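J.: Just passing along the structure, written as structure tokens.
Protein chains: 2
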Amino acid sequence: MNATDKFLAASAHVDEAAVAPLPNSRKIHIEGSRPDLRVPMREVSQADTPTGFGGEKNPPIFVYDCSGPYTDPAARIDIRSGLPALRQRWIEERGDTEVLPDLSSEFGRARAADPKLDELRFPGLHRKPRRALPGKNVSQMHYARQGIITPEMEFVAIRENVNRAAYIESLRATGPMGEKMAALLGRQHKGQDFGASIPAEITPEFVRAEVARGRAIIPNNINHPESEPMIIGRNFLVKINANIGNSALGSSINEEVDKMTWATRWGGDTVMDLSTGKNIHETREWIIRNSPVPIGTVPIYQALEKVDGKAEELTWEIFRDTLVEQAEQGVDYFTIHAGVLLRYIPMTANRMTGIVSRGGSIMAKWCLAHHKESFLYTNFEEICEIMKAYDVAFSLGDGLRPGSIYDANDAAQLGELETLGELTDIAWKHDVQTIIEGPGHVPMHLIKENMDLQLKHCKEAPFYTLGPLTTDIAPGYDHITSGIGAAMIGWYGTAMLCYVTPKEHLGLPDKNDVKEGIITYKLAAHAADLAKGHPGAQIRDNALSKARYEFRWDDQFNLGLDPDKAKSFHDETLPKESAKVAHFCSMCGPHFCSMKITQDVRDFAAKQGIAEAEALEKGMQTKAVEFVKSGAEIYRKV
Amino acid sequence: MNATDKFLAASAHVDEAAVAPLPNSRKIHIEGSRPDLRVPMREVSQADTPTGFGGEKNPPIFVYDCSGPYTDPAARIDIRSGLPALRQRWIEERGDTEVLPDLSSEFGRARAADPKLDELRFPGLHRKPRRALPGKNVSQMHYARQGIITPEMEFVAIRENVNRAAYIESLRATGPMGEKMAALLGRQHKGQDFGASIPAEITPEFVRAEVARGRAIIPNNINHPESEPMIIGRNFLVKINANIGNSALGSSINEEVDKMTWATRWGGDTVMDLSTGKNIHETREWIIRNSPVPIGTVPIYQALEKVDGKAEELTWEIFRDTLVEQAEQGVDYFTIHAGVLLRYIPMTANRMTGIVSRGGSIMAKWCLAHHKESFLYTNFEEICEIMKAYDVAFSLGDGLRPGSIYDANDAAQLGELETLGELTDIAWKHDVQTIIEGPGHVPMHLIKENMDLQLKHCKEAPFYTLGPLTTDIAPGYDHITSGIGAAMIGWYGTAMLCYVTPKEHLGLPDKNDVKEGIITYKLAAHAADLAKGHPGAQIRDNALSKARYEFRWDDQFNLGLDPDKAKSFHDETLPKESAKVAHFCSMCGPHFCSMKITQDVRDFAAKQGIAEAEALEKGMQTKAVEFVKSGAEIYRKV
């Protein structure tokens, strides 16, 4: 079951499925203010509209792209070498860091020196660890508060706009048809944003201001220069996180790297490595060196491994060494369950499912065993010192999140949330970037209370929620029970949604589960963007629906979140290539296709022309004449 | 591709997968006021709590059961004979119907007389059609308005309570442990019901009153006496519908019967047969004779088939004959797109996706071709006369529902909704039961407007929505894009959710897709029940979460909506039988299991007892002393 033993670094290879370009897609880069600032996007080209539907040229659509160089045919991919260090120069230029002669953590040094690990070890360049110079703070928040717009901030500003302005502009430049298309594709419902402040266009200065006030973070450890900057905040596109990681019972290093590349291919904005099994230090090195997205971890898991699973034997020293070990590998954010206070623990005694957060239960056990507040809480300022020396962001863990509908929004959960708000203040005092983790299992009508209290206690620090799951009764479908809650809380203001896979509560997700979880959360995040009225969010829906209406089957597949599945579903009943241009599908057949009939209606009206429109008018006893006039005109062919 | 030609009635057989009882489940019947009124439910038995967790006996859980006799090992199932006519006597007793000597519809008679159809034809008893005596109205609404509580009303009252009172009572009778269990399992969050009026217990009189005022319907054609009564209304459990049906391009009669039994097994409350392919009259007969749930259709589909797909050649006479044909087969509700008025059609011209409802587009085409209002609208009162002679319910179709986010909540859609409200008044004047169909594609923030306008225009006639889909960009995952909207609109007050399968927009659903759609909608409906605060809805969540916490793996699977998938997911990584009693799973392994650690915390505290609690108290600088006291007491074993 555990393939780790068979894994050999020398023969590790990239998942072929993760490097194929997506259909009709092209990786483009938009250059910023300097030539080494190149923001990746995916351009999806479209076929022309069939003559019978108007015959116009359809513009390419640009979509946000998390997949890094993997989907770029121009890139040379070798997971044994890792990705290029695209942020290296930006970090160096700031002149506030130093390269250390050796790893600072004892554990890291011991692993590095162990020859038994050689055949597992990431074989590429092991850069020496980088750390802030004494007295320096290298967090993006610190720069933002100094008024500095970093290349990272400019990068995310360009990225968030998804080439929208250039796109609309280029359409308009093509004349009246382009104007019409720009108006059509660009039209969007006014959103309901619950007090967010989303500008029409994201500027680097807006990014800086949001990071400075703590309303957004750019998780970018200086030891993970391979990552493409991204931003998490309620005034930006809703992001999603994918959890991967082995356990004592399964999975190998290569499988975890595969899950990471697979997760980013389908839209994972960040990836958390939650490994609790064997060789998690080495597994993490492989993942980080090959990851184009920020990597998060829960350091207490590895710390617990170091004391053979005996929570009460954990010490601040072991934990501190783990933080430094991981910070020097390049972990971009740490989940720290510092809000599990002694006084909250008894509040969980009457719960249906007690403490379901692994980190939360570890800390609760420690607290009870030692009769004192956890070393995470008592050493929180020292943790901040470590975070700012590498720019690791806090993800303040909700160790007391509810694990069942029964336990939702109880005193333990909401008490901890208040403490997380206090810890946010401390982190911000140190200019350390901070997000706040949220539930869990919550029925729909109690979701908004979570968001409202989080905004209040944590002063708009980004909320990062697991689901929430809106019912407990569907094991095997918890990506959906939670996708419902995720879409809703994303709408209400959550900045990042932590995915849940179909295997939740049942087993460790495999690659298929990772994809199912990712796509579910991607669509939930997008539904939230639409509901918030995020500028330009509707372009992709509009383009896809236009393709659908015009029976451009391939475009419909390719503009979707999962072209492969859409195409295979279509082809199950109509596999022939000719069916891709057919003006009907297997659902209704040619007679019953409403889209075809609608077109017939338009054609009919066009043939009759104005006479028809006038006849229609005469036939009507209502005040709707003006609609007929405008409508009938459009029914005539352009 | 089309297996119809090979189908032979003589060898038709039930889907074996549909008749196996669900694991640890038993079909029970609760008897009402008369011995032939036996309401089915499924009882799911549970294992005892393991000794380490308290050792208590866990009561069986009762769940609503749509599967009819199929999951009853005592029933003899032969789809060539059909199901027993359980409502026959109730219908006869009312003495307001007559058995006709022959079918009233020309088409029905022609099909019956065609020997070429013999080998396809349902071989069981062809009952003569039953119709109201001249001048009589046999709708449940009519009886309700006369103050009559029918056996059907009593049946649904018992069904809606899901044996809750007896269950809680029986628990309490077992003493203090039972009291504790009743309190634990029965505890529920107060809901937010947006003005619904859900009583703590459903009485037959409440059912009558709701049906009388049109706020609920019991779709029960007198020619479908095989069906088990169920109710659709905002003050009852949220229901779901599954669409099945062949198309010109695929599926056989047996496949459609299989989809129906499969759909009801997993929780389809009603099934719509949307066949548009070959032999749809015979297919429908097979489905109805074997269906334990109400069957809905869209009669215009078959009418269109009768004029070879030429919408403009449709006539009132052909349509009328189709209504009678289907009413005498036993269809329980008809989708009628009578709200597609001439004046709304031009409003769709500027849409992204025009008219996407098949029925809507057929009627639009007819209206334009004839320059007049549709025969559905102009003959609406005569349609009411047919409906009340058989007790067929209206499902007033939203022919102008939006087919894309772009088109959501536009003038065409909302105009039609207003007309559906006017038609509701007419239907109610005839005491004809009526529900209203709703969208479609709607972004989250515009969903509530749909519900609010529907409640207003249609005076709380039950709303029956397709999703809505909250984004267009995920073909292949539209069960999820729409499950999000379905859960939300169910919470807001929608009475029945029409499922969407993963194949939506791409192809005809197969059996797997049907199940995926059903489970998704079942969980969405349940999430809505929880959010509305439907009495007792949380019992199943509570029981499942208790099982989860106590590592009763089999109970966790069996209390879920899909025990088979849950078990197979679990077994992918831990297939051994011993893993079903293991106190950990493959996700975290034994060291990292938070539930195990929580129990360790409880055990630890228990061992230390009061001394520990006092020590804890002394160690605290906070005001939380009272929590510790109560908490620490609970930490000790009972």
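Residue numbers (UniProt numbering), protein chains in the order written: chain Z, 1 to 638; chain P, 1 to 638. Idealized CB from N, CA, C, for every residue including glycine. Note that the coordinates shown come from a computational prediction; the quantities given were computed from them, not determined experimentally.
1. Given Z/Leu323, which residues of its chain have a CB within under 6 Å of its CB, disregarding the five upstream and five downstream residues?
2. Since Z/Arg548 meets chain P, which of its residues come closer than 7 Å, beta carbon to beta carbon?
3. State buried or exposed for Z/Gly195, treating a residue as buried only when at least 16 other CB atoms are found within 10 Å of its CB.
4. Under a CB-based cut-off of 7 Å, is P/Tyr333 close to chain Z?
5. Counting only the same chain and skipping the five closest in sequence on each side, list residues whose C-beta sits under 6 Å from that of P/Leu8.
6. Which same chain residues, not among the five before or five after P/Cys384, have their C-beta less than 7 Å away from its C-beta?
7. For residue 641 of chain Z versus Z/Ser105, is the C-beta distance shorter than 7 Å?
8. So for P/Thr270, helix, strand or coil by DSSP?
9. Measure the beta-carbon distance from P/Gln329 to P/Asn223 and round it to whole angstroms, keeping in mind my assumption that it falls under 8 Å.
10. Could you check whether the Cβ of Z/Ile480 sits closer than 7 Å to any Cβ belonging to chain P?
11. Take every Cβ of the region 255–265 of chain P, pair it with every Cβ of the region 225–237 of chain P, and state whether three or more of those distances are shorter than 8 Å.
12. Candidates Z/Ala74, Z/Glu205, Z/Pro123: which alpha carbon is nearest Z/Ala10's?
13. Along chain Z, in chain order, which residues have C-beta atoms closer than 7 Å to that of P/Asn542?
14. State buried or exposed for Z/Pro439, treating a residue as buried only when at least 16 other CB atoms are found within 10 Å of its CB.
15. So what's P/Gly296 in DSSP terms, helix, strand or just coil?
16. Under 8 Å: do the region 150–161 of chain P and the region 497–515 of chain P share three or more Cβ pairs, one atom per stretch?
17. Cutting at 7 Å between CB atoms, please list the residues of its own chain near Z/Asp529, excluding the five before and the five after it.
18. Roughly how many angstroms separate the alpha carbons of P/Lys623 and Z/Leu342, rounded to a whole number?
19. Is the shortest distance between the beta-carbon of Z/Trp491 and the beta-carbons of chain P less than 7 Å?
20. Are any of the Cβ atoms in chain P nearer than 7 Å to that of Z/Ala12?
21. What distance in whole Å lies between the Cβ atoms of P/Pro50 and P/Glu550, which are believed to be in contact at a cut-off of 8 Å?
22. At a Cβ cut of 7 Å, what residues of the region 444–475 of chain P count as close to chain Z, listed as they run along the chain?
23. Counting only beta-carbon atoms, is P/Tyr477 nearer than 7 Å to chain Z?
24. If we define contact as Cβ-Cβ less than 7 Å, is P/Gln192 a contact residue for chain Z?
25. Unbroken alpha helix (DSSP H) runs of length 4 or more, entirely within the region 140–211 of chain P: which are they?
26. Using the DSSP secondary-structure output, state which residues sit across from Z/Met496 in a beta bridge.
27. Compare the C-alpha of P/Gln140 against each of P/Asp96, P/Leu83, P/Lys310, P/Ala166 and name the closest.
28. If you check the beta carbons only, do P/Glu437 and P/Tyr464 fall under 7 Å apart?
29. Using a cut-off of 8 Å between C-beta atoms, extract the partners of P/Gly186 located in chain Z.
30. Just mark P/Gln146 as buried or exposed, buried being the case when its beta carbon has 16 or more other beta carbons within 10 Å.
31. For P/Pro502, which residues in chain Z fall below 9 Å Cβ to Cβ?
32. Please state whether DSSP places P/Glu98 in a helix, a strand or coil.
33. Compute every distance between the C-beta of P/Ser227 and the non-hydrogen atoms of the ligand FMN, then say whether any falls below 6 Å.
34. Whole-angstrom Cβ separation of P/Thr424 and P/Leu396, contact assumed at under 8 Å?
35. Which residues in chain Z have a C-beta closer than 9 Å to the C-beta of P/Ser197? List them in chain order.
36. For Z/Phe107, which option in Z/Ala543, Z/His281, Z/Thr297, Z/Thr419 has the closest C-alpha, if you only look at C-alpha atoms?
T.: Well, looking at it:
1. For Z/Leu323, the CB contacts under 6 Å within the same chain, skipping 5 residues up- and downstream, are Pro299, Ile386 in chain order.
2. Thr353, His505
3. exposed
4. no
5. Glu119
6. Ile426, Ala427, His430, Val432
7. Residue 641 of chain Z lies beyond the range of chain Z shown here (1 to 638); nothing can be said about it.
8. strand
9. 6 Å
10. yes
11. Here the region 255–265 of chain P does not lie against the region 225–237 of chain P, with fewer than 3 beta-carbon pairs under 8 Å apart.
12. Z/Pro123
13. Simply Met352, Tyr406.
14. buried
15. strand
16. no
17. Residues of the same chain with a CB within less than 7 Å of the CB of Z/Asp529, apart from the 5 flanking positions on each side, are Leu237, Val238, Ala537 in chain order.
18. Only weak support is given to the placement of P/Lys623: the predicted model assigns it a pLDDT of 30, under 50, and the question is left unresolved by the model.
19. yes
20. Not one chain P Cβ lies under 7 Å of Z/Ala12.
21. 6 Å
22. Met444, His445, Leu446, Thr470, Thr471, Asp472, Ile473, Ala474, Pro475
23. Interface criterion met: the Cβ of P/Tyr477 is under 7 Å from a Cβ in chain Z.
24. yes
25. Unbroken alpha helix (DSSP H) runs of no fewer than 4 residues, entirely contained in the region 140–211 of chain P, are found at 140–145, 151–161, 164–172, 176–186, following chain order.
26. Z/Lys239, Z/Tyr464
27. P/Asp96
28. The answer is yes: Cβ separation under 7 Å.
29. Result: empty, since nearest Cβ-Cβ is about 11 Å, beyond 8 Å.
30. exposed
31. Lys565, Phe569
32. Per DSSP, reduced to three states, the secondary structure at P/Glu98 is strand.
33. Among the components modelled here there is no ligand, and therefore nothing to report on the ligand FMN.
34. 7 Å
35. By Cβ distance, chain Z contributes nothing, its closest Cβ being about 17 Å from P/Ser197, past 9 Å.
36. Z/His281
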